[in-house]
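Undergrad: Right, I'll just put the structure down here and ask away after.
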Amino acid sequence: MKKFLSRCNRGLILALIALYFLVMHEVYSTVSFKSEKSEIYSQTKSYFTDILASNQNSDINDEYKTKVKNVLDKYWSYNSTLNYSTTKANMDWNLNDLCSDPKKALDITDSTVSLKDVKIKKIGPEYAQLTGMLNYKISGKSNSYYLGVSTYDILDYENAYEESEDPLSNLLDDRNNLIGDYKAEICNGYRIGKYQLTVRLHKEKDKWLITDVDATEMDFSFISDEK
């Protein structure tokens, strides 16, 4: 009986020690993560700033493609975790598809972004999630394309193309496969808008890299300089 109690006591002591170290590890991880929130915020904002800025003063050529690819490789990881989100593979595809048509205008002169209502939380070992609103302003010619938050787009999409003679094409509402001629007079101006964001990141070699971006554009408009 004494041996049994002795073994039970030793087992209880070992369990308490293991529990103590587990609790201390969680406390340390929580405190350590709080100190990394500013880095996660800065890394996310820097990515959106740099990806929009990479469209400036460029033609669609190998130099432009290399410049944007370097931005994607700097900030993205292939460790995707969200369903129906934009991943590194999606952004690579967007870049290649945009660059497949050198006739597309690419005349962006300036861009700015800001993050509002940001919340950052830990969602697993070496994983974090940032949510918030991203406000942007992109200046250039109205017919200019640019690689943006989760796809490529055109500054003045609302007034960009004549409707196609194919009624099925008009129903599809696919801005990347519009048929018809550019109808608006090309003018200088800027596009403003905002996205509801969910961004997930993974820490790799002491650096937070983006794995997924889920971006819903809440509203946008193109404002001509002549207005």
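Throughout, our numbering is defined as the position within the sequence shown, counted from one, plus 76. Where is the CB? At the ideal position from N, CA and C, for every residue including glycine.
Can you give me the start and stop residues for the beta strand (DSSP E) that GLU293 sits inside?
TA: 283 to 300
Undergrad: Measure the CB-CB distance between THR207 and VAL189 and report whether it falls below 9 Å.
TA: no
Undergrad: So, helix, strand or coil for VAL225, using DSSP?
TA: coil
Undergrad: Could you check if ASP183 is buried or exposed, using at least 16 other CB atoms within 10 Å of its CB as the buried criterion?
TA: When all chains shown are included, ASP183 counts as buried.
Undergrad: Going by beta-carbon coordinates alone, are SER226 and ASP290 separated by less than 9 Å?
TA: yes
Undergrad: Considering only their Cβ atoms, is the gap separating TYR151 from SER122 smaller than 9 Å?
TA: yes
Undergrad: Looking at C-alpha atoms only, which residue of ASN159, TYR266, LYS143, ASP135 is the closest neighbour of ARG276?
TA: ASN159
Undergrad: Whole angstroms are fine: how far does the CA of LEU210 sit from the CA of GLU293?
TA: 9 Å
Undergrad: Measuring CA to CA, which of ASP288, SER134, LEU231, LEU148 is closest to LYS213?
TA: LEU231
Undergrad: What's the gap between the Cα of PRO201 and the Cα of SER134?
TA: 40 Å
Undergrad: Roughly how many angstroms separate the alpha carbons of GLU261 and TYR203, rounded to a whole number?
TA: 47 Å
Undergrad: Nearest to GLU302 by alpha carbon, out of ILE268, CYS263, LYS281, LYS270?
TA: If we check each option's Cα against that of GLU302, CYS263 comes out closest.
Undergrad: Pick helix, strand or coil for ASN166, following the three-state DSSP scheme.
TA: helix
Undergrad: Check this for me: beta carbons of SER156 and LYS164, under 9 Å apart or not?
TA: yes
Undergrad: Do ILE136 and LEU174 have their CB atoms nearer than 9 Å?
TA: yes
Undergrad: Starting from ASP186, follow its DSSP beta bridges and name the residues at the other end.
TA: SER215
Undergrad: Beta-carbon separation of TYR222 and ASN131 under 9 Å?
TA: yes
Undergrad: Taking Cβ positions, are ASP191 and PHE124 nearer each other than 9 Å?
TA: Note on identity: in this sequence residue 191 is Leu, with Asp being the wrong assignment. Yes, the Cβ-Cβ distance between LEU191 and PHE124 is below 9 Å.
Undergrad: With respect to the alpha helix (DSSP H) encompassing LYS141, which residues constitute its N-terminal and C-terminal limits?
TA: LYS141 -> alpha helix (DSSP H) spans 138 to 151.
Undergrad: Which first and last residues belong to the beta strand (DSSP E) in which TYR266 is found?
TA: 264 to 280
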